[in-house]
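Chemist: This structure is in structure tokens; I'll ask about it shortly.
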Amino acid sequence: MADDTASMPRFPGGGRFRRLGPALAKRFGERVRKVTLRGGFGCPNRDGRVGTGGCIFCSELALLPISGPIDGPIERQMEAGLDLARRRVGAEKIIAYFQDNTATDGPVDELSDLYRTAISHPRVVALSVGTRPDWIADEVYHLLAKLAEIKPVYLELGLQSADDDTLRALNRNHTVADFERAVEQAHQHGLEVIAHIILDLPGEEKNHRLKTAACLNRNRVEGVKIHNLHVLDGTPLAKTYREGMIEISSLDGYVQMTADFICRLDPGMIIHRLTGEGPASLMLAPEWGRDKRRIRSEIEKALEAGDSWQGKRAGSNRGV
Ligand code: SF4
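In numbering that gives the first Met the number 0, the protein residues as written are 0 to 319.
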């Protein structure tokens, strides 16, 4: 854990925090793009194995890839994704990302086929698997550990908040302790962890965010995806929103809380995202959430204005 840093570290690619693009380019020696693949996984928080109704913010439709291929054999999805990566950003290499629902849900031999097909492609530099922290069987950890001997494997764990009351309110049906156990297991199996969090959750205040930052630092996660709350049509959250029962943060509010959160994070952690992403057709609020470029730029300006950077106050939330 870093103490408050007196001077700003030199982050790859410049800027005031550790960005994903330059970090990947440094690690893999060239531009790399993440390609979302659809493995047809289920969600135990919808079908009763863990809970029912799903997390209040989650839409099954939003878990489909936003651009690119959305179905068919993994080989075909990857070829289409590779084609898109080359055309859009000139990337010849990709990270194969299994994202839909809970991507560790299924018989281990079926997961093995899917993951191995993806990781063995010559243009795939790493595998990424998104899941719940309480839904990774021992044999899946072993499988991922074997794959990590071939290429890097990222385990993307949904945490959202390091507060158990908030997790209950979100109908997550797992605890912060589940997350901490999953991170420990992941590290013991040679996997790198990317935590997904939502910063502007209803009912949360600054002390909750400090707790979340402290949890990520303490557990030494390698990366974080920071999202703003999206209200997506068809979700339980949409109903609450229409009834006027929740307040959605303003752009300025989100920018300020994100800038503050970044300076609480360990400077070695890679920041993969600064905003959420959801299909425009489903998004009810916030209106400002549609303009990701503007959100990113406002956050950068806020860091600049406050002479802040990632890690500057990482030590000040210790023990929160
Ligand atoms: S966020 Fe994950 S665990 Fe929650 S309902 Fe969606 S797929 Fe299921």
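Virtual Cβ for every residue (Gly too), placed ideally from N, Cα, C. Only a predicted model underlies this, so the values are computations on that prediction, with no experimental measurement involved.
In terms of alpha-carbon separation, which member of Leu142, Val88 and Asn227 lies closest to Ser248?
Modeler: Position 249 of the sequence shown holds residue 248. The option with the nearest alpha carbon to Ser248 is Asn227.
Chemist: Please classify Pro121 as buried or exposed, where buried requires at least 16 neighbouring CB atoms within 10 angstroms.
Modeler: For the purposes of this step, residue 121 is taken as the residue at position 122 of the sequence shown. Pro121 comes out exposed.
Chemist: Helix, strand or coil: how does DSSP classify Ala5 here?
Modeler: Working through the sequence shown from its first residue, we reach residue 5 at position 6. If DSSP states are grouped into helix, strand and coil, Ala5 belongs with coil.
Chemist: Bridge partners of Thr51, per DSSP?
Modeler: Here residue 51 refers to the residue found at position 52 of the sequence shown. In the DSSP output, where bridge partners are listed per residue, Thr51 has Asp46.
Chemist: Ignore the nearest five residues each way along the sequence and tell me which others in Gly129's own chain have a CB closer than 6 angstroms to its CB.
Modeler: One-based indexing of the sequence shown puts residue 129 at position 130. Residues Gln98, Ala102 and Glu155 of the same chain have their beta carbon placed closer than 6 angstroms to that of Gly129, with the five preceding and five following residues left out of the count.
Chemist: Would you mind sorting His141 into buried or exposed? The rule is 16 or more other CB atoms within 10 Å of its CB.
Modeler: Looking up residue 141 in the sequence shown gives position 142. The residue is exposed, with fewer than 16 neighbouring Cβ atoms inside 10 Å.
Chemist: Under 7 angstroms from any heavy atom of the ligand SF4, does the C-beta of Asn331 make it?
Modeler: Residue numbering for the chain in the displayed model covers 0 to 319; residue 331 lies beyond these limits and cannot be assessed.
Chemist: From the DSSP output, read off the bridge partner residues of Thr130.
Modeler: Within the sequence shown, numbered from 1, the residue matching residue 130 stands at position 131. In the DSSP output, where bridge partners are listed per residue, Thr130 has Leu156.
Chemist: Distance check for Ser119 and Gly202, CA to CA, integer angstroms please.
Modeler: In the sequence shown, the residue the question calls residue 202 occupies position 203. In the sequence shown, the residue the question calls residue 119 occupies position 120. In a straight line, the C-alpha of Gly202 is about 44 angstroms away from that of Ser119.
Chemist: Which runs of the alpha helix (DSSP H) spanning at least 4 residues fall entirely within the region 163 to 239, listed in chain order?
Modeler: 163 to 168, 175 to 187 and 205 to 217
Chemist: Going straight from the alpha carbon of Arg16 to that of Thr274, what length do you get?
Modeler: For the purposes of this step, residue 16 is taken as the residue at position 17 of the sequence shown. For the purposes of this step, residue 274 is taken as the residue at position 275 of the sequence shown. Looking at the sequence provided, one finds Phe at residue 16 rather than Arg. For Phe16 and Thr274, the distance between alpha carbons rounds to 15 angstroms.
Chemist: Among residues of its own chain, excluding the 5 on either side of His173, which ones have a beta-carbon nearer than 7 angstroms to its beta-carbon?
Modeler: Translated into the one-based positions of the sequence shown, residue 173 becomes position 174. Closer than 7 angstroms at Cβ, skipping near neighbours: Arg131, Pro132, Asp133 and Leu166.
Chemist: Could you tell me whether the region 228 to 240 touches the region 174 to 191, using the rule of 3 or more Cβ pairs below 8 angstroms?
Modeler: no
Chemist: Does DSSP classify Phe16 as helix, strand or coil?
Modeler: Numbered from its first residue, the sequence shown carries residue 16 at position 17. Correct three-state label for Phe16: coil.
Chemist: Which stretch, first to last residue, makes up the beta strand (DSSP E) that contains Leu36?
Modeler: In the sequence shown, residue 36 corresponds to position 37, counting from 1. Run containing Leu36: Val31 to Leu36, per the beta strand (DSSP E) assignment.
Chemist: Report yes if the C-beta distance between Lys150 and Leu126 is below 8 angstroms; otherwise report no.
Modeler: One-based indexing of the sequence shown puts residue 150 at position 151. One-based indexing of the sequence shown puts residue 126 at position 127. Yes, the pair counts as a contact, with Cβ atoms nearer than the cut-off.
Chemist: With a threshold of 7 angstroms on Cβ separation, who are the neighbours of Thr239 within its own chain once the five nearest residues in sequence on each side are excluded?
Modeler: Numbered from 1 along the sequence shown, position 240 holds the residue referred to as residue 239. These residues qualify, in order along the chain: Ile245.
Chemist: If you drop the 5 nearest sequence neighbours on each side, which residues of the same chain put their C-beta closer than 6 angstroms to that of Ala144?
Modeler: Start at 1 with the first residue of the sequence shown, and residue 144 comes out as number 145. Result list for Ala144: His188 and Gly189, in chain order.
Chemist: Alpha helix (DSSP H) containing His141: first to last residue?
Modeler: Locating residue 141 in the sequence shown gives position 142, counting from the first residue. Unbroken alpha helix (DSSP H) run through His141: Asp137 to Ala147.
Chemist: For Val107, collect the residues of the same chain with a Cβ closer than 8 angstroms to its Cβ; drop the 5 residues on either side in sequence, then sort them by chain order.
Modeler: Sequence index remark: in the sequence shown, residue 107 carries index 108 (1-based). Closer than 8 angstroms at Cβ, skipping near neighbours: Ala136, Glu138, Val139 and Leu142.
Chemist: Could you say which of Met256, Thr116 and Gly314 lies nearest to Leu302 if we only look at CA atoms?
Modeler: Within the sequence shown, residue 302 is the residue found at index 303, counting from 1. The option with the nearest alpha carbon to Leu302 is Met256.
Chemist: Closest to Arg208 by CA distance: which of Gly252, Lys92 and Asp259 is it?
Modeler: Locating residue 208 in the sequence shown gives position 209, where the first residue counts as 1. Of Gly252, Lys92 and Asp259, the residue nearest in Cα terms is Asp259.
Chemist: Thinking just about the alpha-carbon of each residue, which of Gly71, Phe40 and Cys214 is nearest to the one in Leu110?
Modeler: One-based indexing of the sequence shown puts residue 110 at position 111. The residue with the shortest Cα to Cα distance from Leu110 is Phe40.
Chemist: Any chance the region 15 to 32 sits against the region 261 to 278, with 3 or more Cβ pairs inside 8 angstroms?
Modeler: yes
Chemist: Around the Cβ of Asp251, are there at least 16 other Cβ atoms within 10 angstroms (buried) or fewer (exposed)?
Modeler: Here residue 251 refers to the residue found at position 252 when the sequence shown is read from its first residue. Per the 10 Å Cβ criterion, exposed.
Chemist: Should Thr35 be listed as close to the ligand SF4, given that the test is whether its C-beta is under 7 angstroms from any heavy atom?
Modeler: Locating residue 35 in the sequence shown gives position 36, counting from the first residue. No, since every heavy atom of the ligand SF4 falls outside the 7 angstroms radius drawn around the Cβ of Thr35.
Chemist: I'd like the list of long-range same chain contacts for Ser66, defined as Cβ closer than 6 angstroms, with 5 residues on each side in sequence excluded.
Modeler: Looking up residue 66 in the sequence shown gives position 67. Note that Ser66 scores 49 on pLDDT, short of 50, meaning its location in the model is unreliable and no value can be drawn from it.
Chemist: Assign Gln309 to one of three DSSP states: helix, strand, or coil.
Modeler: In the sequence shown, the residue the question calls residue 309 occupies position 310. If DSSP states are grouped into helix, strand and coil, Gln309 belongs with coil.
Chemist: Have a look at Lys205, Asn206 and Val230 and flag the residue whose alpha-carbon is nearest the alpha-carbon of Phe56.
Modeler: Mapped onto the sequence shown, residue 56 falls at position 57. Comparing Cα positions, the closest option is Val230.
Chemist: So, is Asn206 buried or exposed, given that buried needs 16 or more other C-beta atoms within 10 angstroms?
Modeler: Position 207 of the sequence shown, counted from the start, is the residue given in the question as residue 206. Within a 10 Å sphere around the beta-carbon of Asn206 sit fewer than 16 other beta-carbons, which makes this residue exposed.
Chemist: Leaving out five residues before and five after Glu221 in sequence, what residues of the same chain have Cβ atoms less than 6 angstroms from its Cβ?
Modeler: Sequence index remark: in the sequence shown, residue 221 carries index 222 (1-based). Cβ neighbours of Glu221 beyond the five flanking positions: Glu191 and Val192.
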